[in-house]
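Notes for the one structure printed next.
Protein chains: 2
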Amino acid sequence: MKHYTRADIDGMNKIFRLNLINSCTGFKSANLLATRSKDGISNVAVFSSVTHLGSNPPLLGFVLRPTTVPRNTFDNIKKTEVFTVNHIHRDMISDAHHTSAKYDGDISEFDKTGLSEEFKNDFFAPFVKGSRVQIGCRYQNEYFLKENGCILVIAQIEHLFVQNDIQLNDGFLSLEKAETVTVNGLDGYALPTLLDRFEYARPRE
Amino acid sequence: MKHYTRADIDGMNKIFRLNLINSCTGFKSANLLATRSKDGISNVAVFSSVTHLGSNPPLLGFVLRPTTVPRNTFDNIKKTEVFTVNHIHRDMISDAHHTSAKYDGDISEFDKTGLSEEFKNDFFAPFVKGSRVQIGCRYQNEYFLKENGCILVIAQIEHLFVQNDIQLNDGFLSLEKAETVTVNGLDGYALPTLLDRFEYARPRE
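Residue numbers (our numbering), protein chains in the order written: chain P, -14 to 190; chain S, -14 to 190.
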């Protein structure tokens, strides 16, 4: 195996380090976060850090990098309290990736990509049309991570829309059926195939 | 699409809600966290919440659920400051899932599964033998998430071991070549195939 020490990592070319460290923790979720400003300008941006935090109450979190593009997303969330999380499926990856380009706040990424917005249930933030899992979220809190200036945003799930045929009888969403993708590193998009599901694990004698 | 409101979610059967809410945020990383107690007893447990936090310095985080099994992991980390993160590949999923069973702290999951430990570079915590990406981490901080009692643990990467043939020239680890799996919900393990990688996105005219 190749062995990189901390000194090796610190001494790397920046791009090499970004590619390596972004892929070393494993696959990441692939979601579009959509918001709307008070002025009515929509914003949508790809995030690979959305994480399940709990089911009761239903909570999720995501991480904002200090130097990262989608500050518009955060500004809108702070002012309107709501945003949506929308799964990226295989046909959306090119448009989804393009939302990481640095557009000014008065430009909607919905106008610069093949992505379309839809509004429903009087929710202020737009959902991404065609996304097979859509979550309407309300901002609840944030934690400043002083180690590198990231912000962990925590939100409650208020609305959950799922395409009919992807849910099993026990509640499980088959992300394979939804063709939801996953992110490898900074820029790789991969499509998973289910290998197996397991029973609740109990100790062996 | 099916529409679940917050009231619907709160009123669900517990297992149904766990399956639904655990799968609605998308695919999760699949890692084994391994530690060793001061008494020398090893511990290994599956985690789906390991998240990239930054590359410079190289930081990762993971979330401990208040009601979740692997308190041994946390106790060992607090006392010894170190742990390892090890990718789960397709041949390891059954053993990896079994580490979620509730064993007492004086029992090593390495003795109850087909998983084996290995020690290297004088690192106090064991690595999982055969894992194709292994990370030696040092505890740095924790944040108590008051919304549901979870703890976000933040750690620095001190050692990174990668199987030779999975790394591309630009640093990117091909998790497809590593056969690293991803987690769907509580209990589903899936194997991704790379669709595409994209250039750094720049605004369109």
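Ideal placement from N, C-alpha and C gives every residue a C-beta, glycine not left out.
Quantities reported herein were computed from a predicted structural model and do not represent experimental measurements.
Problem set entry | Cβ-Cβ distance between LEU49(P) and CYS135(P) below 8 Å | The residue given as residue 49(P) occupies position 64 in the first sequence. The residue given as residue 135(P) occupies position 150 in the first sequence. Yes.
Problem set entry | Enclosing beta strand (DSSP E) for SER40(S) [first to last residue] | Here residue 40(S) is taken as the residue at index 55 of the second sequence, counted from 1. 36 to 40 is the extent of the beta strand (DSSP E) around SER40(S).
Exercise. Less than 7 Å between the CB of PRO43(P) and some heavy atom of the ligand MG, yes or no?
Worked result: In the structure on display, the ligand MG does not appear, and there are no ligands present to speak of.
For this session: Take every Cβ of the stretch 132 to 146 of chain S, pair it with every Cβ of the stretch -12 to -5 of chain P, and state whether three or more of those distances are shorter than 8 Å.
Result: yes
For this session: Using DSSP bridges, identify the partner residues of CYS135(S).
Result: Mapped onto the second sequence, residue 135(S) falls at position 150. For CYS135(S), which the question treats as bridged, DSSP gives the partners LEU130(S).
For this session: Flag ARG56(S) as yes if its beta-carbon sits less than 8 Å from any beta-carbon of chain P, otherwise no.
Result: Here the question's residue 56(S) lines up with position 71 in the second sequence. Taking Cβ atoms only, chain P never reaches closer than 8 Å to ARG56(S), which makes this a no.
Exercise. Name the chain S residues that come within less than 8 Å of ALA110(P), Cβ to Cβ?
Worked result: On the first sequence, residue 110(P) is found 125 positions in, with the first residue counted as 1. Within chain S, no residue comes near ALA110(P); the closest Cβ sits about 15 Å away, beyond 8 Å.
Exercise. Alpha carbon to alpha carbon, what distance is there between THR98(S) and PHE129(P)?
Worked result: Counting from 1 along the first sequence, the entry for residue 129(P) is found at position 144. Counting from 1 along the second sequence, the entry for residue 98(S) is found at position 113. One C-alpha to the other measures close to 39 Å.
Exercise. Taking DSSP as the reference, what is the three-state secondary structure of LEU3(S)?
Worked result: Here the question's residue 3(S) lines up with position 18 in the second sequence. Here LEU3(S) sits in helix by DSSP.
For this session: Assuming VAL168(P) and LEU176(P) form a contact by the criterion Cβ under 8 Å, report the distance between their Cβ atoms to the nearest whole angstrom.
Result: The sequence position of residue 168(P) within the first sequence is 183, counting from 1. The sequence position of residue 176(P) within the first sequence is 191, counting from 1. Not a contact, Cβ separation roughly 11 Å.
Exercise. For ALA15(P), which residues in chain S fall below 9 Å Cβ to Cβ?
Worked result: As a first step, residue 15(P) is located in the first sequence; it is residue number 30 there, counting from the start. Ordered by position in chain S, the residues that pass the 9 Å Cβ test against ALA15(P) are GLY11, PHE12.
For this session: Kindly indicate which three-state DSSP category PHE146(P) falls into: helix, strand or coil?
Result: The residue given as residue 146(P) occupies position 161 in the first sequence. In this structure, PHE146(P) counts as strand in the three-state DSSP scheme.
Exercise. Using the C-alpha atoms, what's the distance from ASP60(P) back to ASN126(P)?
Worked result: Taking the first sequence and counting its residues from 1, the one referred to as residue 126(P) is at position 141. Taking the first sequence and counting its residues from 1, the one referred to as residue 60(P) is at position 75. Rounded to whole angstroms, ASN126(P) to ASP60(P) spans 14 Å at the Cα level.
Exercise. Roughly how many angstroms lie between the CA atoms of ASN149(S) and PHE108(S), to the nearest whole one?
Worked result: To locate residue 149(S), count along the second sequence from 1; it is residue 164. To locate residue 108(S), count along the second sequence from 1; it is residue 123. Rounded to the nearest angstrom, the two C-alpha atoms are 21 Å apart.
Exercise. Under the three-state reduction of DSSP, which class applies to SER14(S): helix, strand or coil?
Worked result: The sequence position of residue 14(S) within the second sequence is 29, counting from 1. If DSSP states are grouped into helix, strand and coil, SER14(S) belongs with the strands.
For this session: Tell whether a beta-carbon distance below 8 Å holds between GLY156(S) and ASN4(P).
Result: As a working note, residue 156(S) is residue 171 in the second sequence. As a working note, residue 4(P) is residue 19 in the first sequence. Yes. Within cutoff.
Exercise. Whose Cβ in chain P lies nearer than 9 Å to the Cβ of ASN169(S)?
Worked result: Sequence index remark: in the second sequence, residue 169(S) carries index 184 (1-based). Under the 9 Å cutoff, chain P gives PHE157, LEU158, SER159, LEU160, GLU161, THR165, PRO177, LEU179, ARG182.
Exercise. Closest by CA to SER101(S), which one among GLY90(S), ASP91(S), ALA81(S)?
Worked result: Along the second sequence, read from residue 1 onward, the residue named residue 101(S) stands at position 116. If we check each option's Cα against that of SER101(S), ALA81(S) comes out closest.
Exercise. Using the C-alpha atoms, what's the distance from PRO111(P) back to LYS105(P)?
Worked result: Stepping through the first sequence from its first residue, residue 105(P) is reached at position 120. Stepping through the first sequence from its first residue, residue 111(P) is reached at position 126. Roughly 8 Å separates the two Cα atoms.
Exercise. Do the CB positions of SER40(P) and ARG56(S) come within less than 8 Å of each other?
Worked result: Here residue 40(P) refers to the residue found at position 55 when the first sequence is read from its first residue. Here residue 56(S) refers to the residue found at position 71 when the second sequence is read from its first residue. Contact: no.
Exercise. From the beta carbon of GLY115(S), is the nearest beta carbon of chain P less than 8 Å away?
Worked result: Locating residue 115(S) in the second sequence gives position 130, where the first residue counts as 1. It does not; no Cβ of chain P falls within 8 Å.
Problem set entry | Chain-ordered chain P contacts of HIS74(S) [CB-CB under 8 Å] | Here residue 74(S) corresponds to residue number 89 of the second sequence, with the count starting at 1. Simply none; closest approach about 11 Å.
Exercise. By Cβ distance below 7 Å, which residues in the same chain neighbour PRO43(P) in space, the five residues on each side in sequence not counted?
Worked result: If you number the first sequence from 1, residue 43(P) lands on position 58. Same-chain partners within the cutoff: GLN141, ILE142.
For this session: Check the C-beta distance from ALA186(S) over to ALA15(P) and give it rounded, since I have them as a contact under 8 Å.
Result: As a first step, residue 186(S) is located in the second sequence; it is residue number 201 there, counting from the start. As a first step, residue 15(P) is located in the first sequence; it is residue number 30 there, counting from the start. With a Cβ gap of about 15 Å, ALA186(S) and ALA15(P) do not count as contacting.
Exercise. Skipping 5 residues on each side, what residues in its chain have a beta carbon closer than 7 Å to that of GLU66(P)?
Worked result: Stepping through the first sequence from its first residue, residue 66(P) is reached at position 81. Taken in chain order, the residues that qualify are ARG123, TYR124.
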